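Data first, discussion second: the structure below is written as structure tokens.
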Amino acid sequence: MASTKLKDKRIVDEYKRLRETCCWFDFGHLAKLRLTGADRKGWLQGQVTSDLRNLFVGGFAKLCLLSPTGQIVADCDVWALEEEFLITFSDVAREATVIRLERMLILEDVLIEDLTDDFGLISGQGPDTTEILGDRIDLPRLSASHVDLGGSEISLLRSDRTGSGGWDIVFPLDKKESVASLLEGIHEAGEETWDVARIESGIPIYGKDMNERTLAMEMGSRFIDSRISFEKGCYTGQEIVERIRSRGHANRRWVGIVAESPVATADAVGQVGLITSAGVSPEFGPVAAAMIKAEAAMPGGQIIISAAEGEVHGEIVEMPIRH
Numbered sequence: 159m160a161s162t163k164l165k166d167k168r169i170v171d172e173y174k175r176l177r178e179t180c181c182w183f184d185f186g187h188l189a190k191l192r193l194t195g196a197d198r199k200g201w202l203q204g205q206v207t208s209d210l211r212n213l214f215v216g217g218f219a220k221l222c223l224l225s226p227t228g229q230i231v232a233d234c235d236v237w238a239l240e241e242e243f244l245i246t247f248s249d250v251a252r253e254a255t256v257i258r259l260e261r262m263l264i265l266e267d268v269l270i271e272d273l274t275d276d277f278g279l280i281s282g283q284g285p286d287t288t289e290i291l292g293d294r295i296d297l298p299r300l301s302a303s304h305v306d307l308g309g310s311e312i313s314l315l316r317s318d319r320t321g322s323g324g325w326d327i328v329f330p331l332d333k334k335e336s337v338a339s340l341l342e343g344i345h346e347a348g349e350e351t352w353d354v355a356r357i358e359s360g361i362p363i364y365g366k367d368m369n370e371r372t373l374a375m376e377m378g379s380r381f382i383d384s385r386i387s388f389e390k391g392c393y394t395g396q397e398i399v400e401r402i403r404s405r406g407h408a409n410r411r412w413v414g415i416v417a418e419s420p421v422a423t424a425d426a427v428g429q430v431g432l433i434t435s436a437g438v439s440p441e442f443g444p445v446a447a448a449m450i451k452a453e454a455a456m457p458g459g460q461i462i463i464s465a466a467e468g469e470v471h472g473e474i475v476e477m478p479i480r481h
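Counting the sequence shown from 1 gives a position; my numbering is that position plus 158.
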């Protein structure tokens, strides 16, 4: 399929750094929660889709909070630190998630702290990130630890937000200058570059590719395998998840698209669905993610997208687009 080359040199340069060396993104807008208390692990185990029994200090897990009818309330990353869990997720889901978690607390020894407004999150991403940061600060041996930086404690968290891997740095906002010094010489990359990278890599975002009306089982096999355990005990929404699993599939599926020319979020994919995210990749040309009817979600399938400039031909691909 023909591709439209990206002409924005800034995005091309940022993308090249991301895929070949290292760059950093400011994800300070993400919601950030701290869970402490002796019961935090057992209590959270009963709330989420993942099995946390093997989540120990230094570990990492992906998980979802679901509604009773199986829709996604929040799509979260969680790291286990010495005396706490640190959780990040889309700020779009912040209010609903905090309300939901606080409502589920009864007598358990668990404290939920919302760090969103007082802590920043900068993420170094790219294949050389570990080597570059490792020369400047002690990185965790596993996936998470607290580190002293200029007399204050920051959290270093192994994180792949782009398909190229890297590390999140979570820090008190008054330590932003110290973190900036840590990143000296590393170039920042913008939201457009991140969007293209995550679409290529099959990384969905809550508020764009899924929302409170999306069933977890609609998000495809990679999403399900990384976030949903079929071996654990009860959690809210489990009955619907199991019902869809026994049926074989959901009625819709989140897929990738490689198109002949650029498309946009909310463009119609024929009569079968809508574009949820879109961009132009320096490597693949116009790419997109879409939620479409399951019967149309066959890799290699040819589709027509109703874009602002007219009809655009595209091909359905299994996520991730970039391997």
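Backbone N, C-alpha and C define an ideal beta-carbon position, used for all residues, glycine too. This one's a predicted model, so the numbers in the text were calculated from it and none came from an experiment.
Residue i classed as buried or exposed, judged by whether at least 16 other C-beta atoms fall within 10 angstroms
i	result
Pro-226	exposed
Ile-462	exposed
Leu-265	exposed
Phe-388	exposed
Glu-376	buried
Asp-367	buried
Ala-160	Bear in mind that the predicted position of Ala-160 carries a pLDDT of just 39, short of 50, making it unreliable; the figure below should be weighed with that in mind. It is exposed - the Cβ of Ala-160 has fewer than 16 other Cβ atoms within 10 Å.
Gly-324	buried
Gly-308	exposed
Ser-379	exposed
9 angstroms Cβ cutoff met for residue i and residue j
i	j	result
Leu-193	Ile-245	yes
Lys-199	Leu-221	no
Val-236	Glu-358	no
Met-456	Gly-360	no
Tyr-364	Gln-205	no
Phe-381	Val-416	no
Val-354	Ser-464	no
Glu-178	Asp-286	yes
Glu-418	Gly-472	yes
Leu-239	Val-256	no
Arg-319	Phe-218	no
Per DSSP, the bridge partner or partners of residue i
i	result
Ala-447	Gly-414 and Ser-435
Asp-353	BP columns for Asp-353 are empty, so no partner.
Val-268	Note: Val-268 sits in no beta bridge, so no partner.
Cys-234	Leu-221 and Phe-247
His-304	Ser-313
Thr-194	Leu-269
Cys-181	Gln-283
Ile-461	Gly-472
Phe-531	One cannot answer for residue 531 here, as it falls past the ends of the chain, which runs 159 to 481.
For residue i, the nearest candidate out of the options (CA to CA)
i	options	result
Lys-167	Thr-288, Gly-321, Ser-303 and Glu-350	Glu-350
Leu-531	Gly-365, Val-416 and Val-328	This structure gives no information on residue 531, because the portion of the chain shown stretches from 159 to 481.
Ala-232	Leu-239, Leu-188, Glu-418 and Lys-334	Leu-188
Leu-297	Glu-311, Arg-316 and Gly-284	Arg-316
Cys-180	Leu-224, Gly-321, Gln-460 and Ala-426	Gly-321
Arg-411	Glu-397, Val-427 and Pro-420	Val-427
Ile-290	Gly-343, Ala-447 and Ala-422	Gly-343
Asp-249	Leu-191, Glu-242 and Gly-292	Leu-191
Arg-241	Ala-302, Ser-404, Gly-459 and Ser-281	In the sequence as presented, Arg is not what sits at residue 241; that position holds Glu. With distances taken between Cα atoms, Glu-241 lies closest to Ala-302.
Same chain only: Cβ atoms within 7 angstroms of residue i, ignoring 5 sequence neighbours per side
i	result
Val-430	Ile-450, Lys-451 and Ala-454
Ala-424	Leu-432 and Ile-433
Pro-330	Asp-276, Phe-277 and Ser-310
Thr-372	Gln-229 and Ile-230
Arg-258	Leu-223 and Val-231
CB contact below 9 angstroms: residue i versus chain D
i	result
Pro-298	Of the chains in the structure shown, none is chain D; there is only one protein chain.
Cutoff 6 angstroms; reference residue i; Cβ partners in own chain excluding five residues on either side
i	result
Ile-203	Just to set this straight, residue 203 is Gln in the shown sequence, not Ile. Contacts found: Leu-210.
Lys-333	Ser-310
Gly-195	Asp-267, Val-268 and Leu-269
Trp-201	Glu-266 and Val-268
Glu-469	Ile-462
Contact set for residue i: own chain, Cβ-Cβ below 8 angstroms, skip 5 residues either direction
i	result
Arg-385	Thr-207, Ser-208, Lys-220, Leu-221, Cys-222, Asp-233 and Ala-374
Arg-175	Cys-181, Gly-284, His-345 and Ala-347
Ile-295	Val-305, Leu-307, Leu-314 and Leu-340
Glu-467	Ser-419
Ala-254	Val-231, Ala-232 and Glu-370
Glu-260	Ile-270
heavy atom of the ligand NAD below 8 angstroms from residue i C-beta
i	result
Glu-253	With respect to the ligand NAD, the structure shown offers nothing to examine, as it has no ligands at all.
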